[in-house]
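Q:
2 protein chains.
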Amino acid sequence: MVIADLAGRARTAARALAVATRAEKDAALLAMADALEARTAEILAANVLDVAAAASADSTGQYLDRLTLTSARVTSMANGLRQVASLADPIGEVIRDNTMANGLKIRQVRVPFGVVGMIYEARPNVTVDAAGITLKSGSAVLLRGSSSASKSNAILVEVMRAALATTSLPADVVQLVPSEDHATVKDLLTARGLVDLVIPRGGASLIRRVVEESTVPVIETGVGNCHVYVDEFADLEKAVAIVVNSKVHRPSVCNAAETLLVHEKIASAFLPRITSELIASGVTIHGDAAFLACDSHVVAAEADDWDIEYGALEIAARVVSSLDEAVEHIRTHGTQHTEAIVTESAVTAQRFVATLDSAAIMINASTRFTDGEEFGFGAEIGISTQKLHARGPMGLTEMTSTTWIVSGEGQIRG
Amino acid sequence: MVIADLAGRARTAARALAVATRAEKDAALLAMADALEARTAEILAANVLDVAAAASADSTGQYLDRLTLTSARVTSMANGLRQVASLADPIGEVIRDNTMANGLKIRQVRVPFGVVGMIYEARPNVTVDAAGITLKSGSAVLLRGSSSASKSNAILVEVMRAALATTSLPADVVQLVPSEDHATVKDLLTARGLVDLVIPRGGASLIRRVVEESTVPVIETGVGNCHVYVDEFADLEKAVAIVVNSKVHRPSVCNAAETLLVHEKIASAFLPRITSELIASGVTIHGDAAFLACDSHVVAAEADDWDIEYGALEIAARVVSSLDEAVEHIRTHGTQHTEAIVTESAVTAQRFVATLDSAAIMINASTRFTDGEEFGFGAEIGISTQKLHARGPMGLTEMTSTTWIVSGEGQIRG
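In the order they appear, the protein sequences are chains E and Z. So the first sequence is numbered by the UniProt record's numbering: it starts at 1 and just counts up by one. So the second sequence is numbered by the UniProt record's numbering: it starts at 1 and just counts up by one.
1. Quick one: which chain Z residues come within Cβ less than 9 Å of residue 25/E?
2. Is the CB of residue 215/Z under 8 Å away from at least one CB in chain E?
3. Along the region 365 to 379 of chain Z, where does the CB come closer than 9 Å to a CB of chain E? Name the residues.
4. From residue 334/Z to residue 70/Z, what does the alpha carbon distance come to, in whole angstroms?
5. First and last residue of the beta strand (DSSP E) that includes residue 246/E?
6. With a threshold of 6 Å on Cβ separation, who are the neighbours of residue 47/E within its own chain once the five nearest residues in sequence on each side are excluded?
7. Quickly, what does DSSP pair residue 342/E with across the bridge? List them, please.
8. Could you name the residues of the same chain whose beta carbon sits closer than 8 Å to that of residue 31/E, not counting the 5 residues immediately before and after it, in chain order?
9. Using 10 angstroms around the beta-carbon of residue 364/Z, count the other beta-carbons present and answer buried if the total reaches 16, otherwise exposed.
10. By the criterion of Cβ-Cβ separation under 7 Å, what are the contact partners of residue 196/E in chain Z?
11. Can you check whether the C-beta of residue 225/E is within less than 8 Å of a C-beta belonging to chain Z?
12. Taking 8 Å as the threshold, find out whether the region 190 to 201 of chain E comes into contact with the region 209 to 219 of chain E through three or more Cβ pairs.
13. Using DSSP with H/G/I as helix, E/B as strand and the rest coil, what is residue 415/Z?
14. Determine contact between the region 398 to 408 of chain Z and the region 266 to 284 of chain Z, defined as no fewer than three beta-carbon pairs at a distance below 8 Å.
15. Give me the Cβ distance between residue 187/Z and residue 3/Z, rounded to the nearest whole Å; I'm assuming they're in contact under 8 Å.
16. In this structure, does DSSP put residue 47/Z in helix, strand or coil?
17. Decide if the region 319 to 337 of chain E is in contact with the region 375 to 389 of chain E; the criterion is three or more beta carbon pairs, one per stretch, under 8 Å apart.
18. Restricting to Cα atoms, I'd like to know which of 319/E, 409/E, 98/E, 90/E is closest to residue 376/Z.
19. Could you check the C-alpha separation between residue 161/Z and residue 93/Z for me, to the nearest Å?
20. Quick one: which residues of the region 236 to 261 of chain E get their C-beta closer than 9 Å to a C-beta of chain Z? List them in chain order.
21. With distances taken between CB atoms, is the gap from residue 435/E to residue 7/E smaller than 8 Å?
22. Please decide whether residue 409/Z counts as near chain E, where near means a Cβ-Cβ distance under 8 Å.
23. Could you tell me which chain Z residues have their CB closer than 9 Å to the CB of residue 304/E, listed as they occur along the chain?
24. Is the region 249 to 256 of chain E in contact with the region 264 to 278 of chain E, if contact means three or more CB pairs nearer than 8 Å?
25. The alpha helix (DSSP H) that contains residue 435/E, what's its start and end?
26. For residue 116/E, I'd like the list of residues in its chain whose CB is within less than 6 Å of its CB, leaving aside the five on either flank, ordered along the chain.
27. For residue 321/Z, which option in 131/Z, 389/Z, 263/Z has the closest C-alpha, if you only look at C-alpha atoms?
28. Note down, in chain order, each residue of its chain lying with its Cβ closer than 6 Å to the Cβ of residue 235/Z, except the 5 sequence neighbours on either side.
29. In terms of alpha-carbon separation, which member of 329/E, 311/E, 170/E, 412/E lies closest to residue 14/E?
30. Would you say residue 412/E lies against chain Z (beta-carbon separation less than 8 Å)?
31. Between residue 360/Z and chain E, is the shortest Cβ-Cβ distance under 8 Å, so that the two count as touching?
32. Nearest CA to the CA of residue 267/Z: which residue from 284/Z, 353/Z, 233/Z, 300/Z?
33. By alpha-carbon positions, which one of 411/E, 177/E, 81/E ends up nearest to residue 239/Z?
34. Which residues, in chain order, does the region 113 to 147 of chain Z contribute to contact with chain E at a C-beta distance below 7 Å?
35. Which one of 41/E, 17/E, 23/E, 414/E has the shortest CA to CA distance from residue 155/E?
36. Could you name the residues that DSSP lists as bridge partners for residue 140/E?
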């Protein structure tokens, strides 16, 4: 099985990487960055073939945009690696440190996961981002990208491995899993004991498949049906800016807002303003009766509009009679990614926080801030929407495990 | 489906529990403790029926011992709940707190998981321990014990729920899943979205089944093929005490040692001593040629002895030529639970720590110290052997998730 072979080599490489110094890891990251820029022409030449094949397969413009590399995007990926090199090394950090009554010294220390599998869609930048973050966090990575990006991923991994070969780290800390064979996804998901963690990055159907089929531990990422609730005590200026930014700033990403909920007490003042602002920004509003009454461009919301992650310039919108109704709506239809409240009432904001159960809650801020960069992590491998291990943006710290080191002088249990 | 109904009620109860104060939770725990003691006679009467049925089914003495409750054991369970009440409330703890350059205040706060499923074998004490720890950590629990403990578990849960009914917390924070129907395990494991976490406690086959069938996130616990390595630089007095304690103190538990590795340079001095000590303690040694030569009571190790978790007074034992050979043996045969080294060399100890990949490493201490009580947690729901979320003993802190709360004044992303 190809995965067993790749994972075995990854394990060997991971053992060397686990004891590498920060300087060795940073040197490797910088070498990878330089190599990507130096070999931009080869990378773009391979990418053109992927893009052409996707275009002839009638892919959407958004899909093609994500797949396409440019010279600027290659530089951006290289700079991402340099940024990771500049971050502190999470490995070896002492998290807890106690001396017990019996003299035992107990330390909890951050250690690498070991071998991490990434399964993702047609975004070649994930190939480089994931390689950088896993390397710095001390784990070897098995990269299983989409077959439609196979030529791009192949050259990116080849360039990074060639750069690694000039350093003290083994090239096998970064390996590509063949995407021509669909079975490699299943093999990766069931490589229990060979792979320590699998992270899927992509749409809801990919995440669901990974969760259902995997026997390897998984961190789910990124499905976001995010809500903005405009409370009766909202500052309407802030509310307009936050709703528009949450929806329009980058509609294709998981922290973009998909549903707008407005308290009925401010509906008459707020709905005409936000409706015209959203429409002026090119947003299609799927509204309830109150929104429909505002503007002829509003379309009637269907039942399933409340559950859709549009990923586009569309938003579902309705009026609610209370904070509690807003909370119930979010609990029923949300994906527990990010919800925002706009309110000047600290009491209401506190109640919103206490009664929801999402990875991130924004009080008077755009949903778009749920992001590793915005949280100061410096790099992000994805946004976890599960409650286990890491919740919200995952940076270097979240990409580690821990171990307990207990030092004694011959202690035994009585 | 019975699980959907139970989980729905658990979710409702969990929402009330999530906003309960520490005082409310502690009062409930104390009421449960008092009720268990007050109704000891009923509990023992039910337990007698389970034990009689198991005895007539030819269960082992160890199995019957785990299943059997006594007045003292009921008091011990009640005192366990009182101990949990005395511990700090993990919920609401601020883990990280930063103000970003744009003025956003970002806090990471500890929150409950929500609904936790426990799947375990015929140990009625787990019913009470798990109920107490999940309640204090803010989650509702669905308890799926073994059918052979069904009468004991039924009365324990009935007593705890009756006590809860006298408090401000809903009784549905503690619910028993019927064990007569085997399908309830599968239903619990696939109750995705209804159950936030499943924790199996039991032997290797239970853990494996849970991992393979579950689509709900799992924390694996407790399979321990633990090793003691006696280094060439060992203090032999300490080594004898640590090996014997690690094996003999409580052989049925997961942190008991199952394999002894001895450096060849001290074999001639150490093997006769440890062999006679272990045999005097009633331990069957499955040894290599060097151990076989020490004593006629040593039996020859078979290939699979290195992989067995005996859970009894048996140990596999061999001589190794180096630290590296010991590490390779542990990496090949171990379960990454706990390994101990006995050595006076700090350099060797450090190398042992750096090259292994286990939940806990003991330096000159018994493997038996991998334990929530011994680590100062005050209570323990199990010992995680996975790298995700929690590794090693899991106390109240490990039984929580986190959320991000971001407070702004209208910030949007530019």
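Don't be surprised by glycine CBs; every beta carbon is placed ideally from N, CA and C. Since the structure is predicted, the reported quantities are computational estimates derived from the model, not experimental observations.
A: In brief:
1. In chain order: nothing, as chain Z lies at least about 15 Å away.
2. yes
3. 365, 366, 368, 369, 370, 371, 374, 375, 376
4. 36 Å
5. It is not in any beta strand (DSSP E) - residue 246/E instead sits in the alpha helix (DSSP H) that spans 236 to 248.
6. 69, 152
7. 230/E
8. Only 163, 164, 166, 167 meet the Cβ criterion.
9. buried
10. 387
11. no
12. yes
13. There is simply no residue 415/Z to check, as chain Z begins at 1 and stops at 414 in what is shown.
14. no
15. 4 Å
16. Looking at residue 47/Z - three-state DSSP - the assignment turns out to be helix.
17. yes
18. Nearest of 319/E, 409/E, 98/E, 90/E to residue 376/Z, Cα basis: 98/E.
19. 28 Å
20. 237, 238, 239, 241, 242, 244, 245, 246, 249, 250
21. The requested residue 435/E does not occur in the structure, where chain E is confined to residues 1 to 414.
22. yes
23. Per Cβ cutoff of 9 Å: no residues; residue 304/E is ~17 Å from chain Z at best.
24. no
25. Look at the range of chain E in this structure, 1 to 414, and you will see that residue 435/E is not part of it.
26. 134, 139, 141, 197
27. 263/Z
28. 344
29. 170/E
30. yes
31. yes
32. 233/Z
33. 411/E
34. 113, 114
35. When each option's Cα is compared against that of residue 155/E, the closest is 41/E.
36. 115/E
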